[in-house]
Amino acid sequence: QTLLRKPPRLPAMNPYIDEDLSTLGEHVRRFAEGRVAPGFLERDQSRVLERGLMREMGQLGFIAPELPEAFGGQGMGSLAAGVIHEEIARADLSISYINLLASLNGQILSHHGKPEVVSPWLAKLTQGEALFAIALTEPRGGSDAANLQLRVERDGDHYVINGEKTSISAADQADAIIVFGRTGKPDSGAHGVTALLVPADVPGLTRSRFNCHGQRAIGRGSLFFENVRIPVDHRLGDENKGFVQVMQGFDFSRALIGLQVLAVARVALEETWAYVAQREAFGKPLSAFQGVTHPLADFETQVTAARLLCLQTLWLKDKGAPHSSEAAMCKWWGPKLAYDAVHQCLLMFGHGGYDRGPMEQRLRDILGFQIGDGTAQIMKTIVARAKAGRNAVPN
111 QTLLRKPPRL PAMNPYIDED LSTLGEHVRR FAEGRVAPGF LERDQSRVLE RGLMREMGQL
171 GFIAPELPEA FGGQGMGSLA AGVIHEEIAR ADLSISYINL LASLNGQILS HHGKPEVVSP
231 WLAKLTQGEA LFAIALTEPR GGSDAANLQL RVERDGDHYV INGEKTSISA ADQADAIIVF
291 GRTGKPDSGA HGVTALLVPA DVPGLTRSRF NCHGQRAIGR GSLFFENVRI PVDHRLGDEN
351 KGFVQVMQGF DFSRALIGLQ VLAVARVALE ETWAYVAQRE AFGKPLSAFQ GVTHPLADFE
411 TQVTAARLLC LQTLWLKDKG APHSSEAAMC KWWGPKLAYD AVHQCLLMFG HGGYDRGPME
471 QRLRDILGFQ IGDGTAQIMK TIVARAKAGR NAVPN
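Just so you know, our numbering puts 388 at position 278 of the sequence shown, and the rest follows in order with no gaps.
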């Protein structure tokens with residue numbers, strides 16, 4: 111992957127990114143350009159997530175840096191995680207999934223797991239020695255996330271799991287999985303769900319992989335549980351309260367997803383501005399035509415604004431302030447805006463963009479986030495409830 115011009119230095123005057131975070135971003139960008147970007151296209155074809163690259167990221171402290179040092183992190187805060195995340199995503203969105211899954215799962219494990227059980231796993235996670243998946247979606251539906259059918263039944267000192275999860279990121283590559291299942295009555299909704307830490311090598315667990323349109327290096331697939339036995343001390347949070355307790359961590363990942371896809375849009379815009387400035391038509395550079403530059407200016411404006419919203423959301427999280435509504439905005443707006451921006455960039459390159467290459471792969475990779483991790487409709491409902499009240503927006 112060859113950029114048409116050197117990316118600009120990260121701005122130090124951003125209100126959420128101080129000089130230290132800017133320097134961190136430059137450090138990560140050098141790594142991403144040298145180690146992540148060169149394999150971008152190849153990984154899409156091979157569908158192989160390079161474990162050696164993941165270990166390098168862990169050794170450099172790029173995975174879940176927001177975790178406390180006691181759990182293998184660096185206690186750097188959510189904004190630092192976001193700065194790292196977007197720089198890796200610039201080079202390859204699929205590889206940045208390592209950061210996304212680590213931050214989401216790491217927060218759940220550190221907040222809700224028994225230290226003696228989760229600490230060894232967290233050490234592996236932050237060092238890039240273990241990849242985690244999170245299993246919530248089931249075949250009968252994803253948006254109605256609390257209406258789970260996978261059964262989790264107590265049997266002495268163990269839970270026994272039976273059922274299926276689907277559309278799970280890294281399903282066939284994960285070393286451990288956070289699994290949500292129903293321990294309460296079938297009609298108990300969110301208040302009958304329990305979360306468990308499940309090592310991927312347990313007897314009775316089988317996995318499959320889909321042939322997805324994008325994000326192919328990380329992949330998605332299904333998990334099948336047949337009398338899988340997990341010790342009770344692997345429970346995360348309280349029995350029957352896993353959904354209510356653990357799902358709070360998704361506000362963090364939604365802001366990270368916004369930064370992730372917008373980073374892809376930003377690098378696409380950088381390349382397109384350079385291209386239209388040097389490509390000529392009718393004796394002039396393409397940039398001389400307002401029909402070319404004005405759409406790019408529109409997206410440059412919106413992407414800049416959306417990125418600031420994502421950074422503000424992480425800033426609010428670091429301050430311990432409410433941020434669920436802002437996180438939902440990041441999740442619905444970011445993927446749609448990034449997709450539309452990259453689509454416009456692809457068109458500017460003509461067939462050079464449509465042909466197999468960085469631009470069309472970026473478009474495929476981003477599209478998945480309009481489906482997974484919460485649809486736009488669900489995110490807008492979260493925003494509506496925050497503004498009008500839950501009773502006024504019941505469904």
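C-beta: ideal position from N, C-alpha, C; glycine also.
Return the residue from the list the options that minimises the CA-CA distance to residue i.
i, options, result
"residue 298", "308, 306, 350", "350"
"residue 506", "458, 207, 279, 496", "Only positions 111 to 505 of the chain appear in this structure, which leaves residue 506 out of reach."
"residue 302", "347, 333, 320", "347"
"residue 160", "169, 473, 149", "149"
"residue 371", "143, 171, 124, 193", "193"
"residue 436", "364, 401, 465", "364"
"residue 171", "198, 501, 366, 423", "198"
"residue 409", "226, 209, 448", "448"
"residue 269", "425, 306, 318, 233", "306"
"residue 234", "254, 165, 267, 275", "165"
"residue 487", "423, 424, 254, 168", "254"
"residue 147", "262, 440, 200", "200"
"residue 291", "284, 275, 279, 490", "275"
"residue 295", "265, 257, 246, 311", "257"
"residue 382", "456, 138, 247", "456"
"residue 438", "465, 426, 368", "368"
"residue 333", "341, 361, 273, 340", "273"
"residue 231", "247, 263, 310, 158", "310"
"residue 318", "284, 342, 358, 340", "284"
"residue 247", "271, 226, 267, 277", "277"
Roughly how many angstroms separate the alpha carbons of residue i and residue j, rounded to a whole number?
i, j, result
"residue 300", "residue 406", "44 Å"
"residue 286", "residue 431", "31 Å"
"residue 250", "residue 259", "9 Å"
"residue 482", "residue 187", "25 Å"
"residue 377", "residue 219", "33 Å"
"residue 524", "residue 476", "Outside the displayed span of the chain (111 to 505) sits residue 524, for which this structure offers no information."
"residue 129", "residue 338", "49 Å"
"residue 493", "residue 282", "34 Å"
"residue 156", "residue 320", "14 Å"
"residue 463", "residue 385", "11 Å"
"residue 202", "residue 479", "15 Å"
"residue 213", "residue 356", "13 Å"
"residue 143", "residue 136", "10 Å"
"residue 152", "residue 204", "12 Å"
"residue 418", "residue 217", "23 Å"
"residue 336", "residue 313", "8 Å"
"residue 154", "residue 324", "8 Å"
"residue 229", "residue 242", "14 Å"
"residue 308", "residue 387", "53 Å"
"residue 221", "residue 413", "33 Å"
"residue 415", "residue 184", "29 Å"
"residue 400", "residue 461", "21 Å"
"residue 261", "residue 289", "11 Å"
"residue 114", "residue 398", "A caution first: residue 114 carries a pLDDT of 47, below 50, which makes its placement in the model unreliable, though a value can still be read off. Their Cα atoms are separated by approximately 19 Å."
"residue 489", "residue 322", "23 Å"
"residue 514", "residue 167", "As displayed, the chain neither begins before 111 nor continues past 505, which places residue 514 out of reach and without an answer."
"residue 215", "residue 179", "16 Å"
"residue 182", "residue 352", "24 Å"
"residue 133", "residue 195", "14 Å"
"residue 345", "residue 244", "14 Å"
"residue 426", "residue 434", "10 Å"
"residue 141", "residue 211", "20 Å"
"residue 265", "residue 224", "20 Å"
"residue 163", "residue 374", "20 Å"
"residue 206", "residue 279", "12 Å"
"residue 354", "residue 209", "24 Å"
"residue 424", "residue 341", "35 Å"
"residue 495", "residue 501", "8 Å"
Would you list the one or two residues that DSSP bridges to residue i?
i, result
"residue 292", "261, 303"
"residue 390", "395"
"residue 334", "274, 316"
"residue 324", "In DSSP, residue 324 forms no bridge with anything."
"residue 346", "305"
"residue 339", "270"
"residue 243", "287"
"residue 351", "303"
"residue 95", "Summary: the structure shown does not reach residue 95, with the chain confined to residues 111 through 505, and so no result is reported for it."
"residue 197", "Looking at the DSSP assignment, residue 197 forms no beta bridge with any residue, so it has no partner."
"residue 220", "Looking at the DSSP assignment, residue 220 forms no beta bridge with any residue, so it has no partner."
"residue 279", "330"
"residue 251", "248"
Would residue i count as contacting chain B if we go by Cβ distances under 8 Å?
i, result
"residue 279", "Chain labels in this structure do not include chain B; a single protein chain is all it has."
Quiz item: Is it a yes or a no for the segment 439-453 touching the segment 469-483, going by three-plus beta-carbon pairs under 8 Å?
Solution: yes
Quiz item: What runs of the alpha helix (DSSP H), each 4 residues or longer, lie entirely inside the segment 124-174?
Solution: 129-141, 150-156, 161-169
Quiz item: Hey, is the segment 376-395 in contact with the segment 315-332, meaning 3+ C-beta pairs nearer than 8 Å?
Solution: no
Quiz item: Are at least three pairs of beta-carbons, each pair with one atom in the segment 181-199 and one in the segment 238-245, less than 8 Å apart?
Solution: Contact between the segment 181-199 and the segment 238-245 is absent, because fewer than three Cβ pairs lie under 8 Å.
Quiz item: Are at least three pairs of beta-carbons, each pair with one atom in the segment 388-401 and one in the segment 430-444, less than 8 Å apart?
Solution: no
Self-check item: alpha helix (DSSP H) runs wholly inside the segment 425-482, at least 4 long, in chain order
Solution: Those alpha helix (DSSP H) runs which fall completely within the segment 425-482 and span 4+ residues are 434-458, 461-464, 468-477.
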